Structures are given as structure tokens and as C-alpha cells.
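Taking it in order: structure first as C-alpha cells, then the write-up.
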Amino acid sequence: MATAEALYLIPAAVLRNLSDKLYEKRKNAALELEGIVKQLAVAGDHDKITAVINLLTNEYTYSPQANHRKGGLIGLAAVTVGLTSEAAQHLEQIVPPVLNSFSDQDSRVRYYACEALYNIAKVVRGDFIVFFNQIFDALCKLSADSDANVQSAAHLLDRLVKDIVTDSDQFSIEEFIPLLRERMNVLNPYVRQFLVGWITVLDSVPEIDMLGFLPDFLDGLFNMLSDNSHEIRQQADSALSEFLQEIKNSPSVDYGRMAEILVQRAGSQDEFTRLTAITWINEFVKLGGDQLVPYYADILGAILPCISDKEEKIRVVARETNEELRGIEADPAEGFDVGAILSIAMRQMSSEWEATRIEALHWMSTLLNRHRSEVLVFLNDVLETLLKALSDPSDEVVLLVLKVHACIAEDPQHFRQLVVFLVHNFQLDHSLLEKRGALIIRRLCVLLDAERVYRELSTILEGESDLDFASIMVQALNLILLTASELSDLRDLLKQSLVKADGKNLFLSLYASWCHSPMAIISLCLLAQAYQHASSVIHLLVEEDINVKFLVQLDKLIHLLETPTFAYLRLQLLEPGRYIWLLKALYGLLMLLPQQSAAFKILRTRLKTVPSYSFKEESIRRISSGIPYSQFNYGGGGGSQTLEEGDLNENPNSLDMHNGINFASKLQQFQQIQKQHHLNSKSQTQSRFVSTSSAKDIQIAEEPKRSADLNRPPSRSSHRGLGQM
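Following my numbering, the numbering of the sequence shown begins with 36 at its first residue and continues without gaps.
Pasting the structure below:
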């Protein structure tokens, strides 16, 4: 009925021309239609206007004929123009069919849809806002249209819509943001340009709080920073810069949600994205205050890798941010998660980049200083991480690891645990002991007191069941003791072993574990000036002791005797009559060395310089003193054992006790431990022999069997098999 009424109102020629293929005829028909609608509007006959709109919608815009659809669109625009101020009440009928035409298969129809909506929008202006989300969605799609003319028309419409929105007080940002958020991750460059344009326009409107909704589309903007198009990257960067400036000037910002996004983007493969993200994080750390405390761990996880970034700008900003963050003294009671921060630092210890590992260690040290009790809750994990890091190729990293170790070991119980962990690590990884053992031990001696470290190591090694490892470890410790400048005080203390209680106690604490290596115990005795005992140990050495390893160690010792460490010993050789046991010990070592070796020649040359006149002077002094040889003993020489020449034969045990040290029992202890080593060595040799013999026996047992198989006549089945083959 309504359609018939509309047909009656509109002349047939107008209806016919409205669907003509020629644009001019359609345009003229639309002008006539505009006049008809104006008359109806003046008359207030809105029912008839509704009928006209329905006719245009159903018979034209939804027609299968493209020219009809074009005519319907221009007709709806004409109706709106004819209605002017009264168009708002009919928009519910007019706009939907136009929006529907935006997805038409015919590009010309889409073009005319843009044109129609443009004309409609110009008339209704603010009343148009009610359809904003649908129009925005349609424009978003049209911005990437395959037809250039459609894109051009869409851009014109887009500009008009932006003007309307910026002037309107009816625009709802709350309803728009979900729509924007959905489209922010679209990759099409035209759509991206369209979206950034809208964000920029809306942000420029004072009445619209885009900053409050920034977390909803921030990730999308960052995503655009890596776009292939320079123009899009520039637009996204410009928008982000503007928002960052607003954040600096705003008293209320949701830092938390945005921090999560920035942390993710700081790990982007794109260099520009990383730089922008880390720059934002830098500002957030300065501005965020208490809001950011729960996110410190995540932020640190983003900063530490950037410290080693290949791009210098990123490294500079990351370092600045790291220092800023570390400078904030947050309280665990306020949400500062020490465990989470510590976990990040430990995780970054496995980074391939040295700078990152170094900063991770600085964080561990900072946490220990500020929140010691909270960190020690995770002690086992911390120690495991630090011990692994001792194998780090960087010396600077290893030194920092040891600094953190030392900080932990300030407590006596943790000191013991550290040394136990360390020895266990050396046992599992002999290459660590070989490559880094000296550096590790020397640094710990500086940080934790050398005597304390050596006493603890000795106590642990004394009870070590792995005798081979104990021997290797003691040899390493002994070499460090004899050569490291950091241990000069310890050597000076040991030189007083026979005259001072502190020296004696240190000597005794090292003795038991040093017994695992004959050369180590000889070195210790020479250092302690217990020359008679050194000579006794040398004379106890048996064939099993004098092997290649022993000779290598002996070679090192002979060379060390020529260093400043043993200068006091070489000077004592100027008085051979007074230090007869030293002379005897050195000659004993000389007798153990192969004559063609360099060490033999060095030691023999040194012993040749011993002045013979000293013996004669000593004899004259004895006679003039009137003291029997058996009672004569010198206490000089810094506490070294001195003896009369005759005492070598008359009373060989006269110095078994000296300064409370029972050297006889110590000699027995050395023999017992070395006996364990001999038995262990024999057991290992027998095991190797048995396994080798077993393999040979199996091989010999298989030989006759193979021979028998070869001599045995073939079976019938074998003949059959060969025949079948």
C-alpha cells in the first residue's frame, strides 16, 4: 500500500530516470525527488515521506540491478536534503541501506554510497553521531578499498565525519574505544593510516579523554612503529610522542596497564619499537611512583636485555633506566616483590651478553644489601645460579659473582655452606678448578679473610672421600698459597708456626688435608720452616709416590724456591751449620730429581753456592762454648728448626715436639693418609686390569667358536638356503 502510494506521488518519468545508466538523468531525477519531499515536509505529511523512503530502499537500493542501486542511493540523499531540519526523524530508515551499500560488489555503487552519505551527513550534522560506530566501521573497510575512486570518496567522507565529531557533544568515547581496540592490530597500511588519523583527531578534542583510554590501543600504536611504510611509522611515532607528553603533564595516569605493554614491546625485533618502548619505560620509572612498584620485576626483565642491545641509543636509555630503578628503595610491605626481582636477575645470568649478566649481579648485590632476609629465603637457588656463573668466560662477571658470594657468606652458617657448594662444584667440574680455581680462591681470600677461607677448605677436604679429587684440590690450594700476593699475610703467619700460637694453629689446621699430596706437605713444611719434618717426609716417600705427577709438582716447587716467596729460605742457606735440616731436605729433593732435568740443575746450582766456611765456624763456636753437641740447639732464624751436626746421628727425634706440635704423630698421620691413597691407586689399577682382562677373555673365547663354525660342515638347511639363493 505504501509502495503504491509512493508510486502515485512520484511521476513515472522520475522513477524511470532514477535508474538510468546515465548519471545526469539520475541526478535530475534526484533533484525532482528533492522538490517532492520538500513539499511533503512543508505539509507535514511524514507518512508519505516514509513511503517514498521505503520505495527507494526496497525497489532500488536492494535491487539486483546496479543502476537501480545507484539511483536509490542518490534518491535517499535527495530525500535527506529535501527534509533539511526534519531529516533526523527519518535517519533510522535512510542511513542503514546506505551503509549496506558500502559492501556492494560494484565499486561504482560503493562510490555513490560514499557520495550519498557525505550529502546526508552535511545536512544532519550532529544527529549523525548516533550512527558513528557503524559509519566508522564502514569507513575503516573503505580506507583499504581496491578501487582508488572509492578510497578517494571515503577520504572526503572521513574528513567530514571528523569535523562533525569534533564539533559534537554527543560523541561517546566509551562506546567507540572497543571498536578502535578491535581494529588496532590490522596490518593493512591504509587502515592503519585511517586509525592513527582518528586517534590523533580525537586526542586533539579537549572534551575527549583519549589518555584515559590509552592502554586500550597503546599496543596497536607500538605495533605500527615497525610498519614497512615510513609514513605510518612517522604518524604512529608522532601520536605516541604526543601521548607521552600528555602523560608527563597529567596528574592521573594508569601506569600499570601500560607498563605491561611496554615490557612486551621492549623485546621487539624492531629496533625503533625497542627504542620507543625503553624511552617510555624510562619516563614511567621517573613518574610512576607507587603505581609501578608491582611491575618492577617485569620492567627489570625488559631493561636488562636492552643494556646489551646492538643499538647504542637503546643501551644508553636502558642503563639510565636501570640506574633509576635501582635507586628507588621500595618496601616489600608496599608490594615490592623481592623474590620476583631476584628471579629476574637470576634468569638474566644465563644471558649471552656480558653487560646484562654484570647488571644482573649488581641487582643481586643490591637486593642482598637492602633486603637480606628476603633474599636468603631463596639461598639454595641463588647459590646454584652463582656457582654456575663461576664458569663464566668473563673475569669481571666471575669477580662480581664472588662479591655476591662474599656478601652471602657474612653469616657463619652461610660461609660454611658457600665453601661446601664451591668444593662440590670443583669436584663436579675439574675444568673450573683448572681454569678459574686460582681466581676464585684468591678473590674469596680478599673478600672473606684468607685464613678463614683456607681453614674451612682444609676442614672440608680433610674428610673428602674422593681421594683423587682431594689430592688435586690440595695441590691447587698449595700453589695459590705459595704464589698469590693476596696470601702474603698467610705465608708470614705460617713462617711463625714454630714460635707463635697463631702460626701453629694455622699449620695444624692445614696439615691433615695437605697430607693428600706429598709435595703439598713438603711445601707447607718449608714455608713453616719445619725443615726436620720436611726431611722426614721426603725420606718416607716410596716408589709409588715418585711418579710423573709428583715430579711435575716437584719441578714447580724448585722453580718457586727461586722466587721472592722463599727468599728467607735461600738466605738461611748462608748458615748451613745452623740450618742443617733445611740443607738435608733440599738435598733430599735433589736426589729425587732426574739429573737431566732443568729443576735438578737449578737446585744443584743453588746448593753449590752454600758457603763451606760456615760449617768450620760453627764447629769452632761449639768448642768454645763448652756445650755438648747433644744439648746445643738454636732458637733463632724466625722459629726455624736448627740442629747441631752431631744431632743428626745422636738424637734424630730430639725435635719431634716443637711449640706444642707433635711432629711424630703428624708423620704418622701423613703415612696413614698416603697409605689410603696407595690402596686407592692399587684398587683402581686392579679394576682397570680386570675390565681389560675380561674384554680380552671374551675376545679369546669367541675366537675358537668362530674357528669351530668355520670348520663345521654346512648343514642341509644351509645347502637348501644356498640353492634357493
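Cβ atoms here follow ideal geometry from the backbone N, Cα and C, with glycine treated the same way. Please read all numbers here as calculations on a predicted model, not as lab measurements.
{"Check": "Selection from R487, S647, S722, I475 that minimises the alpha carbon distance to D446", "Outcome": "R487"}
{"Check": "Y546, enclosing alpha helix (DSSP H) - first and last residue", "Outcome": "536-549"}
{"Check": "Contact set for S570: own chain, Cβ-Cβ below 7 Å, skip 5 residues either direction", "Outcome": "W616, K619, A620, G623"}
{"Check": "Beta-carbon proximity of P46 to T92, cut-off 7 Å", "Outcome": "no"}
{"Check": "Per-residue DSSP class, three states only, for I593", "Outcome": "helix"}
{"Check": "Those runs of the beta strand (DSSP E) which lie wholly inside the stretch 449-526 and span at least 3 residues", "Outcome": "none"}
{"Check": "Host alpha helix (DSSP H) of V410 (start-end)", "Outcome": "407-411"}
{"Check": "G107 classed as buried or exposed, judged by whether at least 16 other C-beta atoms fall within 10 angstroms", "Outcome": "buried"}
{"Check": "Helix, strand or coil at N93 [DSSP, three-state]", "Outcome": "helix"}
{"Check": "Beta-carbon gap between L126 and A76 smaller than 7 Å", "Outcome": "no"}
{"Check": "Straight-line gap, R143 to E277 (C-alpha atoms, nearest Å)", "Outcome": "39 Å"}
{"Check": "Cα-Cα separation, S136 to V130", "Outcome": "10 Å"}
{"Check": "Cβ-based burial, R51 [other Cβ within 10 Å; buried from 16]", "Outcome": "exposed"}
{"Check": "Proximity below 7 Å, CB of R361 to CB of T311", "Outcome": "no"}
{"Check": "Enclosing alpha helix (DSSP H) for T308 [first to last residue]", "Outcome": "306-322"}
{"Check": "Inter-residue Cα distance where the pair is W388 and E499", "Outcome": "37 Å"}
{"Check": "Cβ-based burial, A188 [other Cβ within 10 Å; buried from 16]", "Outcome": "buried"}
{"Check": "At least 3 beta-carbon pairs within less than 8 Å: the stretch 491-505 vs the stretch 450-457", "Outcome": "yes"}
{"Check": "Touch test, the stretch 533-552 against the stretch 607-616, Cβ-Cβ under 8 Å, three pairs minimum", "Outcome": "no"}
{"Check": "Helix, strand or coil at N582 [DSSP, three-state]", "Outcome": "coil"}
{"Check": "Whole-angstrom C-beta distance between I393 and V439, which should lie under 8 Å", "Outcome": "So it is not a contact: roughly 12 Å between Cβ atoms."}
{"Check": "N-terminal and C-terminal residue of the alpha helix (DSSP H) that E209 is part of", "Outcome": "208-218"}
{"Check": "Burial state of R382 (16 or more Cβ within 10 Å)", "Outcome": "exposed"}
{"Check": "P663 to Q706 span [Cα, whole Å]", "Outcome": "Unreliable positioning characterises P663 in this predicted model, as indicated by a pLDDT of 39, which lies under 50. The coordinate reading is nonetheless provided below. Using only the alpha carbons, I get a separation of about 34 Å."}
{"Check": "R292 classed as buried or exposed, judged by whether at least 16 other C-beta atoms fall within 10 angstroms", "Outcome": "exposed"}
{"Check": "Outcome for A633 when other beta-carbon atoms lying within 10 angstroms are tallied against a minimum of 16", "Outcome": "exposed"}
{"Check": "Alpha carbon of P646 to alpha carbon of V587, nearest angstrom", "Outcome": "29 Å"}
{"Check": "Beta-carbon proximity check, G538 vs S544, cutoff 7 Å", "Outcome": "no"}
{"Check": "Which of helix, strand or coil DSSP assigns to G673", "Outcome": "Residue placement at G673 is poorly supported in this model, since its pLDDT is 36, which falls under 50; the coordinates are not used for a value here."}
{"Check": "Distance, D501 Cα to L562 Cα", "Outcome": "27 Å"}
{"Check": "Under the three-state DSSP convention, the category N697 falls into", "Outcome": "strand"}
{"Check": "Proximity to K470 [Cα-Cα], best of L437, D430, I443", "Outcome": "D430"}
{"Check": "Any 3 or more C-beta pairs closer than 8 Å across the stretch 205-219 and the stretch 261-270", "Outcome": "no"}
{"Check": "Through-space distance from Y97 to R104, alpha-carbon basis", "Outcome": "6 Å"}
{"Check": "Given F542 as reference, the closest of F698, E579, D503 once Cα atoms are compared", "Outcome": "F698"}
{"Check": "Distance between N460 and S523 (C-alpha atoms, nearest Å)", "Outcome": "27 Å"}
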